[in-house]
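Q: Supplied in structure tokens, the structure appears directly below.
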Amino acid sequence: MTVFLLPAILIFLIIYSVVKRVKVYDCFLDGTKETLDLVKTIFPYIAVIFVCIELFRASGLAAAVSKVLAVPLEYLGIPSEISEIVLLVPLSGNGTIAILEKIINEYGVDSYPARCAATIAGASETIFYISAVYFSKCKVKNLRYAIPVSLFSSFFGMVIACALCRVM
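Below you can see the structure in the form of structure tokens.
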């Protein structure tokens, strides 16, 4: 039944656009023009974030900070082995996946650190990237509490995820 869902939606949209006399191709071109304007608007923000994240990782500062944070994180139930992934999740999705792969190769798929890392990597979002995209489109200059609340919520979710991984 689900095989027919996408073709049915497409046929419905074509019939609907014919009935409403919508010029589909013109609408598609207008959407493309808006997308190009969006890319021109947000590209500088995204470029700056990617450069800063890569500098943070390449300089070794991410590893040094994660070593310092390992003890307090372990007190909260987050294994010290995944402290670097906890630090990079809000910054870089690709960096998170790379560290997740390293953790899985080192500790095994069914180990507690690997389960915690996989749960955190799969259930979190790159806060700074998403903020740059959304807030640059809305032209918001003062983020006020958006970033701190997002970081706190993300961290609290990581603590809960590790607690659930320990129980399961």
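Okay, so the sequence shown: first residue is 228 according to this note's numbering, each after it adds one. The beta carbon of each residue, even a glycine, is placed where N, CA and C say it ideally should be. From a predicted model like this one, the values you see are computed outputs, not experimental measurements.
#1: Taking C-alpha atoms, which residue in Ile309, Ile269 and Ala235 lies nearest to Val367?
#2: Within 10 Å of its beta-carbon, does Met385 have 16 or more other beta-carbons around it, so buried, or fewer, so exposed?
#3: Kindly indicate which residue of Pro317, Val394, Lys364 and Leu391 has the alpha-carbon position closest to the one of Phe382.
#4: Just the C-alpha distance for Tyr243 and Pro234, rounded to the nearest angstrom, thanks.
#5: If you draw a straight line from the alpha carbon of Ala350 to that of Val292, how long is it in whole angstroms?
#6: State the DSSP-derived secondary structure class of Gly322, mapped to helix, strand or coil.
#7: Using 10 angstroms around the beta-carbon of Pro271, count the other beta-carbons present and answer buried if the total reaches 16, otherwise exposed.
#8: Tell me the rounded alpha-carbon separation between Pro340 and Phe231.
#9: Ignore the nearest five residues each way along the sequence and tell me which others in Phe355's own chain have a CB closer than 7 Å to its CB.
A: Result, derived from the coordinates:
#1: Ile269
#2: buried
#3: Pro317
#4: 14 Å
#5: 23 Å
#6: helix
#7: exposed
#8: 42 Å
#9: Ile276, Pro317 and Leu318
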